[in-house]
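Undergrad: This is the structure, below, for whatever I ask next.
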Amino acid sequence: MIDEMDVARLMRAEFEAAEPPSAVVNIERAMTAGRRQRWYARSAGAALAVVAVVVGAVTVPGLVAPADRSPSLGPFGTPAPLEPSAGKTPSPDTSRIPAALETIDPTIQYVRFGWLPSGLARLSYSAGQMQLGLGVSLSGHAPGSPNPGWMGVSVDLYPKGVTPKAPQVMGIDQRAPVVSTAPAPDVRGEAATFTLYDVDGDTDRLSLRWQYAPDGWAEVDVTPWAAGQDAREIALHVAQTLRFSTTERVQMPGQVTGLPQRLRPICVSVDGPLTPDGWRWYADVDYSAEPLNADHYAVGSKTLKVSFFPYVEMTDKIRAELQGKELYRTPNTTIDGHQASFLKAEDPEWLESLEVFDVRGMAVQFDARRGALDEPGTKGLFQHLDLAGARPDWRPSLLAD
15 MIDEMDVARL MRAEFEAAEP PSAVVNIERA MTAGRRQRWY ARSAGAALAV
65 VAVVVGAVTV PGLVAPADRS PSLGPFGTPA PLEPSAGKTP SPDTSRIPAA
115 LETIDPTIQY VRFGWLPSGL ARLSYSAGQM QLGLGVSLSG HAPGSPNPGW
165 MGVSVDLYPK GVTPKAPQVM GIDQRAPVVS TAPAPDVRGE AATFTLYDVD
215 GDTDRLSLRW QYAPDGWAEV DVTPWAAGQD AREIALHVAQ TLRFSTTERV
265 QMPGQVTGLP QRLRPICVSV DGPLTPDGWR WYADVDYSAE PLNADHYAVG
315 SKTLKVSFFP YVEMTDKIRA ELQGKELYRT PNTTIDGHQA SFLKAEDPEW
365 LESLEVFDVR GMAVQFDARR GALDEPGTKG LFQHLDLAGA RPDWRPSLLA
415 D
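Note that the sequence shown ends on residue 415 in my numbering; no numbers are left out.
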């Protein structure tokens, strides 16, 4: 099954084939943009619309049968009402965020999973200025997500004063209706609530909400991926065992030094497999020279994205998995002896993109918009890479020790 990064790559390849003048499209930019857009509107439909990325959800036994993804219906053809949880929950982790987040430092690892149910395949984390606002999102993805729909566990931290919204209905711009609500056991000493949504008529989503700090909401969403799972117990166990921090740094496979002083990081995203043999991982940092209150993702914004992902030799097996598409752009230059692809679009958006291959087992990509960099542009950035932590088997650090 092709994962979300591969779907993004395939979309880029198809886009480049159809519209050469706008070929400088970063597959990871598309994936990460989708990940950010889903922070407020998390649903499989919304995620697929922006390159099939992750969303948060889970179901309750008796509400959805995971084996055939068909809902258990009440008397009027709607999912059965949610019942309060009667199960036991673990003692809460003592870590905490002392105050609701008013600003978010994208380089901080605000939350890690302390416990996860079996059967998940990937983990991802994003923090910072997303396309629809500030956010922190941590997710565990089941195999096969997002096809036919996302399955797994997600955690979201909302900034001060922002209340979680209902997810979008799959495929349309409409919020999912609430099926029912029920009180939940206290989470980390705070009152909590279960809310069940009918996302697309075939999938229910359970949301567990509480305040991680005064006026700061946290949410755990679950969508089941195996028979016999109780979404309520999964959500409670995940919530109680989360590890919070305001000082730990997001671990990255590489760093860029020597950037213009006007550029500051606005968002960090990492994604990787849980299985030892999984090779697909991804990490990126977005930088911006725009004012703090600007739309950093608007056309013409002075932004830079630096992306790291594994470099692998294309084999027949991988090509078959990717339906014959290539993972990387065709090289057209060399940088310090490494094959590379350099593209520059002279349209009003103006994007310069450099992808360098087989750099200590990685591919490194730089995407810069007009005014973000001084000369010599993206080619000069390659000279300022700190690859002390680089290795092809890198994994994001999203589980508590």
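All residues carry an ideal CB built from backbone N, CA and C; glycine is no exception. Just so it is clear, the structure is predicted and the values come from calculations on it, not from any experiment.
(1) How far does the alpha helix (DSSP H) with residue 334 in it reach, from first residue to last?
(2) Which of the three DSSP states, helix, strand or coil, is assigned to residue 118?
(3) Please determine, among 405, 352, 296, 282, the residue with the shortest C-alpha to C-alpha distance to residue 397.
(4) Under the DSSP definition of a beta bridge, which residues are partnered with residue 255?
(5) Going along the chain, which unbroken runs of the alpha helix (DSSP H) with 4 or more residues stay wholly within the stretch 347 to 413?
(6) Classify residue 306 as buried or exposed, calling it buried when 16 or more other Cβ atoms lie within 10 Å of its own Cβ.
(7) Looking only at C-alpha atoms, which of 207, 203, 233 sits nearest to residue 196?
(8) In whole angstroms, what is the alpha-carbon distance linking residue 149 and residue 204?
(9) Using DSSP's beta-bridge definition, name the partner residues of residue 204.
(10) If you compare alpha carbons, which of 289, 111, 223 is closest to residue 200?
(11) Spatial neighbours of residue 320 within its chain, please: CB distance less than 7 Å, with the 5 preceding and 5 following residues excluded, ordered by chain position.
(12) In whole angstroms, what is the alpha-carbon distance linking residue 107 and residue 311?
(13) Does DSSP put residue 250 in a helix, in a strand, or in coil?
(14) Can you list, in chain order, the residues of its chain whose CB lies under 6 Å from that of residue 173, leaving out five sequence neighbours each side?
(15) Tell whether a beta-carbon distance below 9 Å holds between residue 255 and residue 129.
(16) Between the Cα of residue 416 and those of 370, 331, 401, 333, spot the shortest distance and give me the residue it belongs to.
(17) Have a look at 136, 175, 181 and flag the residue whose alpha-carbon is nearest the alpha-carbon of residue 156.
(18) Who are residue 243's beta bridge partners in DSSP?
(19) Ignore the nearest five residues each way along the sequence and tell me which others in residue 408's own chain have a CB closer than 7 Å to its CB.
(20) Thinking C-alpha only, which one of 406, 232, 393 is nearest residue 291?
(21) Between residue 190 and residue 219, is the Cβ-Cβ spacing less than 9 Å?
(22) Residue 211 to residue 356, Cα distance in whole Å?
(23) If we call anything under 9 Å between Cβ atoms a contact, is residue 326 one with residue 121?
(24) Is residue 182 helix, strand or coil by DSSP?
(25) When you compare only the Cα positions, how much space is there between residue 401 and residue 110?
(26) Alpha carbon to alpha carbon, how far is residue 104 from residue 392? Give it in angstroms, no decimals.
(27) Consult DSSP for residue 280 and reduce its assignment to one of helix, strand or coil.
(28) Ends of the beta strand (DSSP E) at residue 323?
(29) Any idea if residue 244 is buried or exposed, counting beta-carbon neighbours within 10 angstroms, 16 or more meaning buried?
(30) With DSSP as the reference, label residue 53 as helix, strand or coil.
(31) Are residue 192 and residue 253 close, meaning C-beta to C-beta below 9 Å?
(32) What is the residue span of the beta strand (DSSP E) that residue 225 lies within?
(33) Please report the straight-line C-alpha distance between residue 38 and residue 112, rounded to a whole angstrom.
(34) What does the alpha-carbon distance come out to for the pair residue 6 and residue 324?
TA: Reading it off the structure:
(1) 330 to 335
(2) coil
(3) 352
(4) None; residue 255 has no bridge partner.
(5) 392 to 395
(6) exposed
(7) 207
(8) 21 Å
(9) 201
(10) 223
(11) 270, 298, 299, 380
(12) 36 Å
(13) helix
(14) 115, 148
(15) yes
(16) Not covered by the structure: residue 416. The range shown for the chain is 15 to 415.
(17) 136
(18) Partner(s): none; residue 243 has no beta bridge.
(19) 267, 295
(20) 406
(21) yes
(22) 46 Å
(23) no
(24) strand
(25) 32 Å
(26) 49 Å
(27) strand
(28) 317 to 324
(29) buried
(30) Interpretation of residue 53 is limited by its pLDDT of 33, a score under 50 that renders its predicted location unreliable; no figure is taken from the coordinates.
(31) no
(32) 218 to 227
(33) In this prediction, residue 38 has a pLDDT of 33, which is less than 50 and means its spatial position is unreliable; nothing more can be read from the coordinates.
(34) Nothing in the structure corresponds to residue 6, since the chain is present only between 15 and 415.
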